[in-house]
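Position one of the sequence shown corresponds to residue 217 (our numbering), numbered consecutively onward.
C-beta atoms are modelled at their ideal positions from N, C-alpha and C, and glycine is treated no differently.
Heads up, the thing below is written out as structure tokens.
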Amino acid sequence: MFNFEKEIKDLNLINRDINLFGKVYVEKLKKLKILVYGLRPLGVEIITNLSHYSPNQLAIWDENNVNIQDLGASSCYKESDVDTRLRQDVCMQYLRQINSKLNVKIEDGYKLNSQELLHQFDLVIISDVYDFKLLQEINDICRQKKPQATGLIYAGQLGLYSFLFQDFGTDFKINDRDGEDVYPYLITNITKSDPGVVTIHKDKPHNFQNGDFICINEVQGMKEVNGNEARPIKIKNEYEFTIEDTSDYQPYQKNGLVQIIKVPFRKSFQSFADYMKNPIFNQQIYQDEEGKENMIFWHQILQSVFRFYEQNKQLPKKNDQEHASLFSKICLEVFQENQENENLKFNQEKIDKQLIHNFGLIAENIFQPLSVFTGALVSKETVAFVGKYSPINQIFHINEMRLFPNDNSQLNKDETELDRYSDIRSIFGNQILQKIKDFKVAVIGSGANGCEVLRILSLLGVSAGGKGKIFVVDDAEIKKFNINVHPWIGKEELNKNKAEVACLKCKEINGQINIEAKLERASIKNNDHLDENFWSSLDLIINSSDKIDCRHYLFNKSIWFEKPLFDQKIQGLKAITQILVPFETGTEQQNLSSKNEFESKKENIFEFPYLPIHNIMWAKEQFVFFFVDTMKEISSLMKDPGLFWATYRNIMKFNPKYRTRVSIFKNILLDLEKVDLDILINYSREIYEFLYVTKINQLLNQHPPDEPGSENAFWIGYKRLPYPLHYQSMEQNSSHNALKFITISTIILAQIFNIDFNIEEKSTYVQQKLKQMYEKDQRPPYFQLEKELSDKEVENIISELSDLENFKCKNINVGNLNFEGDHLRSYYIEFLDISANIRAKCYTLQSIQKHLVEIVAFENDRTCPLTQSISASILSFELMNLLQKRKREDYRQCELDLAINKCVNEPPCQPKKHDSNQDPDTVLIPSEFTEWDKLRIYGRQTINTLINNFYEKDNIILTNILAENQLVWDQSLENQEQILDKTPAEVYKELVKNGTVGKSALELALSAKTNEGKQCIFAKVKYNIGDGE
């Protein structure tokens, strides 16, 4: 007997950190004692992220007053705090608001370089301190702690540059270098040699590295290699690696699977003083075009900052030419001194003296998005400190001086106005600040990603002027599964609209911004509300939605209305960002890549699964078939049988998959007078037996088990021999998952048919009913899913279902499934989890973890606030480029994987050009165009006019015309002559009620061919609606 209600509740309380990092590492994070010193905006970002981990103790320390600079760059501080409250006091109150269970305290009464203080903590984080000797003393004391050194993370932010350094001691243990799930590779050969060479199938290159450990199983012939013990390997190429001496082993015959074993390894770190003097740059997280040279340059800039601070006891003053010149002089001295150091040697001719001078002018400023970016990296290193993922090695320099204005004559040289925008004004000038305030932006989606984007935009002052405005587009409400995905979304916000909550939070941060919630869904079905006027008014579209259809929709809107689009895709610690700038950049959607990403072919999903994802995707297919598509079609069939069968008759007759659906239609609509709970229990039971008995027996009849020693074996390699799993009596353990499957299926069906189902009470009833069915063999064959219908039977059923008078069950109410609700979302994941794991058992595969089910269920990965912060920061970097109307080469799209310290920044690709030379079998209209170009048609032009004009001008024959994806004319259809004298807009208006309301143009899709039969490809066709259309 299982407690289904408890399982559903537990599912709603899944800890996102456990899903992302694993239970072991979450427990380690919760045991940490952490000290954070320095609570300027960078420090606030750090403690906000750390509060998410709920460490054993979080001590904070900054005895300085909040200042106006803090206000403009942190969502923690308020105007009333400026010059009146200590940073540590405000932060203490703020942390308790966002995490009431956090053990946070203010640390004071010690010197910062006190051993008594530092040895109390596992990890010490210092931000925005530039006293080199003090930092060296702190680090030395941390390294002296036994048996495990106190870890040190040190970070700072200086204008458009920031950095991160860490030292985790001389004997640091890394348990999981990349956080990737482990998948097997198929072996095709192992040589008898010293060393033995293992070759894997060419379908997929491996992701192994020298020194990795692997295990091999299921090899036939060379059985000596089989076993779970870890063996080291050396890489030959992407399909081969070597193992031990196999000369004396039996010859390899066939088969075999190999997969990596994650063996912990140890790493030694240099001290702060040693590394700053003699760094080793390799495997850096930020690999832009300059790569290692860029790191060497900025390392010496940081050395110069320390020297300037030592000499002047302060950073270079804002926009102080004298200080900037002095800093430049120190930099040149440092570069010259380091010429003797091979690790820091830099080509003197490449030293950008103007850049150094500009850096000195703005080093004292705070650029808030860079604080967010760096604070997220510090938090990732905190996770690395407990052994999850690879730490950086050992310093990370972040250079965004590319954003500095080319024309800096507008910068304030004698700034007297001090307000929350002083730093933006100081770095970028008044003109850019005013553009920020006047900017019109639509943020699509206000979940965790959207909230983080809006937080940064609010702090920057976007739309804080008279002309500017932010639109937050989201029609969803906050549900239980949304709670705590962002500091703005807590229990108090439950059942409130996401967009409205986000707008209120933005106004709390910056009361000057002009922001509006639009309770709409960005989709092709909602063009009436998000109309042409809306999109035309914008300066930028930001995609913060994780829905694939929304992403496609926004790309189309960006191209059609020629508006910049910032797109982001986030999966756990991975992210990819992309900016579309009209006529400057390409428009091809970028997607995340993964070394462990296996293709999921249909045969693997439906017949020969061998990976967890195959069974999860199969379970999704079954959910859609039985609970979504079939139920929608029952509803359509009941509304208009004639129209339904005109559309589906041939599909239902000839597709075996749909024949099963015909059987369901018959039994629900023709054989039953009502649908009650007993019917649904039996239907769920039949679905179980159909999937796990009937379908598997059909597969085994088609491909019987191989005879021992067979030369032409079928069930080899990835093909696992399945076994049917019959539902047995309740007392047997093997039926536990079967019972869960039938119960969750009954619950979902009860939702669809609007039948009251109290889980706590009715789950027991389901168990009792099934027990009665099987013990007394009273299993009514209502649906007979296992029966294969003949052509004649299908035709007869369709004939009966074509007349409403034949329907016995006329009053059923078939509802739609709403995945925004907490319960259905939980039921959906539970169904996938149970279904996929039963199937894994059928194929003798390992059980599937629930977090993998969640990933595939909603086509997104585990939520990670760190990646969201970095993605939102990158958006802000590109926003500054956009405001300055930079060229394509100045923009960056980023591919990020924090787990392996990867951050690749590259300029976007150019717009893809189509020209007539690419394919001799096609004709382009016009002869050359990009995805941004439009073929514009003005004036009232009838379909006949269009046909004639294209023939006379381009010598092509139009064959059909679609307007907004609606067919308005096709030469192959009958009775088309009557519409030739109408315009596409007039026909479209007849097909779609109010279709042209609010539109000045329609998008046409034209098909045409030449007299020689060549196909034509058109640029996007923009038909401008004339007067009276």
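Report task. Out of GLU716, ASP894 and CYS292, state which residue places its alpha-carbon closest to the alpha-carbon of GLN304. Result -> Nearest option by C-alpha distance: CYS292.
Requested in this report: Report yes if the C-beta distance between PRO857 and SER1018 is below 8 Å; otherwise report no.
Outcome: yes
Query raised in the report: Is the region 1144-1151 in contact with the region 1170-1179, if contact means three or more CB pairs nearer than 8 Å?
Result: no
Report task. Go ahead and pull the three-state DSSP assignment for VAL398. Result -> coil
Query raised in the report: If you run the structure through DSSP and keep just helix, strand and coil, what is VAL1030?
Result: When DSSP states are grouped into helix, strand and coil, VAL1030 belongs to the coil group.
Query raised in the report: Which residue or residues does DSSP assign as beta-bridge partners of ASN1240?
Result: According to DSSP, ASN1240 bridges with ALA1217.
Query raised in the report: In whole angstroms, what separates the C-alpha of HIS942 from that of ILE821?
Result: 21 Å
Query raised in the report: Which two residues bound the contiguous beta strand (DSSP E) that contains ARG482?
Result: 481-483
Requested in this report: Look at the Cβ atom of LYS450, then the Cβ atom of THR462, and state whether they are nearer than 8 Å.
Outcome: no
Query raised in the report: Which residues bound the alpha helix (DSSP H) around ASP783?
Result: Counting along the chain, ASP783 falls outside any alpha helix (DSSP H), though it belongs to the beta strand (DSSP E) covering 781-787.
Query - Reduced DSSP secondary structure (H/G/I, E/B, other) of ASP1186 - result: Correct three-state label for ASP1186: strand.
Query raised in the report: In this structure, does DSSP put GLY933 in helix, strand or coil?
Result: Residue state, collapsed to three classes: coil.
Query - Span separating the alpha-carbon of ASN917 from that of LYS420 - result: 31 Å
Query raised in the report: If you run the structure through DSSP and keep just helix, strand and coil, what is ASN713?
Result: strand
Requested in this report: Please state if the CB of ASP324 and the CB of ILE1116 are separated by a distance shorter than 8 Å.
Outcome: No, they are not a contact pair.
Query - Rounded C-alpha distance that separates PHE842 from PHE881 - result: 11 Å
Query raised in the report: Is PHE620 helix, strand or coil by DSSP?
Result: coil
**Report entry** Inter-stretch contact (C-beta, 8 Å, three-pair minimum) for the region 649-665 and the region 674-683
**Finding:** yes
Query - Residue nearest to LEU936 in terms of C-alpha spacing, selected from ARG482, LEU302 and CYS1058 - result: Leu is not the amino acid found at residue 936; the sequence shown has Arg there. Closest option to ARG936, Cα to Cα, is CYS1058.
Query raised in the report: Is the Cβ-Cβ distance between ASN713 and GLY684 less than 8 Å?
Result: Against a cut-off of 8 Å, the Cβ pair of GLY684 and ASN713 comes out as no contact.
Query raised in the report: Residue range of the alpha helix (DSSP H) that SER961 falls in?
Result: 952-968
Query raised in the report: Quick one: what's got a C-beta closer than 6 Å to ILE648's C-beta in the same chain, skipping five residues either side?
Result: Same-chain partners within the cutoff: LEU1099.
**Report entry** Per-residue burial, SER1246 [other beta carbons within 10 Å of its own, 16 or more giving buried]
**Finding:** Residue 1246 lies beyond the stretch modelled for the chain, which goes from 217 to 1245, so this question has no answer here.
Query raised in the report: Does the beta-carbon of GLN794 have 16 or more other beta-carbons within 10 angstroms, so that it is buried, or is it exposed?
Result: Counting C-beta atoms within 10 angstroms of its own C-beta, GLN794 has 16 or more neighbours from the protein chains shown and is therefore classed as buried.
Query - Beta bridge counterpart(s) of CYS1110 as assigned by DSSP - result: For CYS1110, the pairing in a beta bridge is given by DSSP as THR793 and ASN1121.
Report task. Mind the definition here: the region 468-485 touches the region 509-528 only if three or more C-beta pairs lie below 8 Å; say whether that holds. Result -> no
Requested in this report: For the alpha helix (DSSP H) holding TYR769, just list the boundary residues, first then last.
Outcome: Unbroken alpha helix (DSSP H) run through TYR769: 764-777.
Query - Opening and closing residue of the alpha helix (DSSP H) in which PHE457 lies - result: Counting along the chain, PHE457 falls outside any alpha helix (DSSP H), though it belongs to the beta strand (DSSP E) covering 456-458.
Query raised in the report: Can the beta-carbon of THR803 be found less than 8 Å from the beta-carbon of PHE782?
Result: no
Requested in this report: With a 10 Å radius around its C-beta and 16 neighbouring C-beta atoms as the bar for buried, classify ASP1049 as buried or exposed.
Outcome: buried
Query raised in the report: Can you tell which of PHE1145, GLN313 and LEU1183 has the C-alpha that lies nearest to the C-alpha of LYS707?
Result: GLN313
Query raised in the report: GLU1011 lies in the alpha helix (DSSP H); which residues open and close that run?
Result: Its alpha helix (DSSP H) spans residues 1007-1017.
Report task. Can you say whether GLU332 is buried or exposed, counting buried as having 16 or more other CB atoms within 10 angstroms of its CB? Result -> exposed
Requested in this report: Tell me, please, whether the region 355-375 touches the region 421-440 by the rule of three or more beta-carbon pairs shorter than 8 Å.
Outcome: Flag = no, the region 355-375 and the region 421-440 do not touch.
Requested in this report: Consult DSSP for HIS1130 and reduce its assignment to one of helix, strand or coil.
Outcome: strand
Query raised in the report: Comparing the CB of GLN527 with every heavy atom of the ligand NAD, is any distance shorter than 7 Å?
Result: For the structure depicted, the ligand NAD is absent and the ligand set is empty, with no information on it obtainable.
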